[in-house]
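Inspection log for the structure reproduced underneath, given as structure tokens.
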Amino acid sequence: MKKLVFAGLLALTSFNASAQSDLFSGGHKEAPYGLVLGYVNKGWSTDFGSYTWHENLWGQKNKKLHGIQIGFQYAPCLPIGLGVDTGLFYECYISTSDVVQDWGFDDFTEHNLYVPIHAQWRFPISRDCSFSVFGGLGLQWAMYGSYNCTYETVEWDWDSGRPYFGYVNYPEDWQEYGHGEWPHHFNLQWEVGGRLRIKNFQLSASYAFGATNHEFYEGYKTKQNKLSIGLGFVFGDND
20 MKKLVFAGLL ALTSFNASAQ SDLFSGGHKE APYGLVLGYV NKGWSTDFGS
70 YTWHENLWGQ KNKKLHGIQI GFQYAPCLPI GLGVDTGLFY ECYISTSDVV
120 QDWGFDDFTE HNLYVPIHAQ WRFPISRDCS FSVFGGLGLQ WAMYGSYNCT
170 YETVEWDWDS GRPYFGYVNY PEDWQEYGHG EWPHHFNLQW EVGGRLRIKN
220 FQLSASYAFG ATNHEFYEGY KTKQNKLSIG LGFVFGDND
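With this note's numbering applied, the sequence shown corresponds to residues 20 to 258, in that order.
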């Protein structure tokens, strides 16, 4: 009986090793293209030495901007699993903060472009299932933001730092991207994350650690960090 059990375990181990070897040598069905829809949030943190202050655009403690992300993913891999992960994404952040409403607006909307530049390592589970980890750089560009009213929109002129009109109370000049207590348009960030693929569906999550100093406070570094969670539909050349 012991010999039979040992022989069975040996056969099973050999089969699993052979199956994994086949997956790593081209047996895994690739799906490098993807359409992704997800949730994102971002906030700003300043290290004051004795403590770190977390805030949103209006200085509210531990608050973030929340939004959605949609875009195209391209993540090709070699048969051994090493690959790249990139794409082009649009992000829209919307805030109904008390500060925004106290100024006489309904909400604030910000539009962003995002490009990941990652290395990835894919671990095949079966022919069309896998788990991947990735990390690298993220390029984030805040294109423009607007304070919205029920019937009209107040859009910021980023050169002058003033809205196009001011029939209600509006923020002062310090709300100009790249000046005063307002973040820069561009944010460079270090990112790490993972994704689980099951056939043509994918679940992913990542976190971005800001590298750009947004200079909210003179003499201290303010970083922009971001969390992303996405659902995707992935496919390959043969789908």
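The beta carbon of each residue, even a glycine, is placed where N, CA and C say it ideally should be. Since the structure is predicted, the reported quantities are computational estimates derived from the model, not experimental observations.
Local Cβ density within 10 Å of residue i, reported as buried at 16 or more and exposed below that
i, result
"E237", "exposed"
"Q120", "exposed"
"R146", "exposed"
"S69", "exposed"
"Y226", "exposed"
"C111", "exposed"
"K82", "buried"
"K242", "buried"
"S33", "Bear in mind that a pLDDT of 40 at S33, under 50, signals an unreliable position, so the number given afterwards is only what the model happens to contain. When all chains shown are included, S33 counts as exposed."
"D117", "exposed"
"N257", "exposed"
"G67", "At residue 67 the sequence reads Phe, which differs from the Gly that was named. The residue in question, F67, is exposed, as its Cβ has fewer than 16 Cβ neighbours within 10 Å."
"F235", "buried"
"F124", "buried"
"G255", "exposed"
"G57", "buried"
"Y183", "Confidence in Y183 is poor, its pLDDT being 45 and thus under 50, which makes the residue's placement too unreliable to answer from."
According to DSSP, residues forming a beta bridge with residue i
i, result
"D104", "H137"
"C148", "S145 and I217"
"K80", "E74"
"I99", "Looking at the DSSP assignment, I99 forms no beta bridge with any residue, so it has no partner."
"C111", "I87 and H130"
"Q249", "Gln is not the amino acid found at residue 249; the sequence shown has Gly there. G57 and S223."
"N244", "G62"
"W122", "BP columns for W122 are empty, so no partner."
"W209", "L156 and F228"
"H198", "E195"
"Y239", "DSSP output for Y239 lists no bridge partner at all."
Contact with chain E by residue i, beta-carbon distance below 8 Å
i, result
"Q208", "In the structure shown, chain E cannot be found, because there is only a single protein chain."
Residue i and residue j closer than 8 Å at C-beta
i, j, result
"V211", "G249", "no"
"Y109", "L132", "yes"
"Q92", "G213", "no"
"C96", "G90", "no"
"W160", "H198", "no"
"H47", "P143", "yes"
Whole-angstrom C-beta distance between residue j and residue i, which should lie under 8 Å
i, j, result
"V55", "K245", "Going by Cβ atoms, the distance from V55 to K245 rounds to 15 Å, so no, they are not a contact pair."
"N167", "D126", "5 Å"
"L207", "L215", "Wrong, their Cβ atoms sit about 28 Å apart, outside the cutoff."
"K218", "T65", "With 8 Å as the limit, K218 and T65 do not qualify as a contact, their Cβ atoms being about 44 Å apart."
"W209", "A230", "6 Å"
"P135", "G157", "5 Å"
"Q139", "S151", "5 Å"
Among the options, nearest to residue i - alpha-carbon criterion
i, options, result
"W201", "C111, H233 and A224", "H233"
"S165", "F91, F205 and E129", "E129"
"L84", "A230, G62, W209 and S223", "G62"
"S247", "Q79, I87 and C148", "I87"
"D104", "T115, A94 and P98", "A94"
"L107", "E195, Y52 and K48", "Y52"
"S114", "P98, R141 and Q79", "Q79"
"W122", "E49, W77 and H137", "W77"
"P98", "A50, V253 and T169", "A50"
"E220", "E195, V253 and R141", "Looking at the sequence shown, residue 220 is not Glu but Phe. That would be V253, whose Cα lies nearest to the Cα of F220."
Contact test: residue i Cβ vs the ligand GTP heavy atom, cutoff 7 Å
i, result
"S145", "The ligand GTP is not part of the structure shown, which contains no ligands of any sort."
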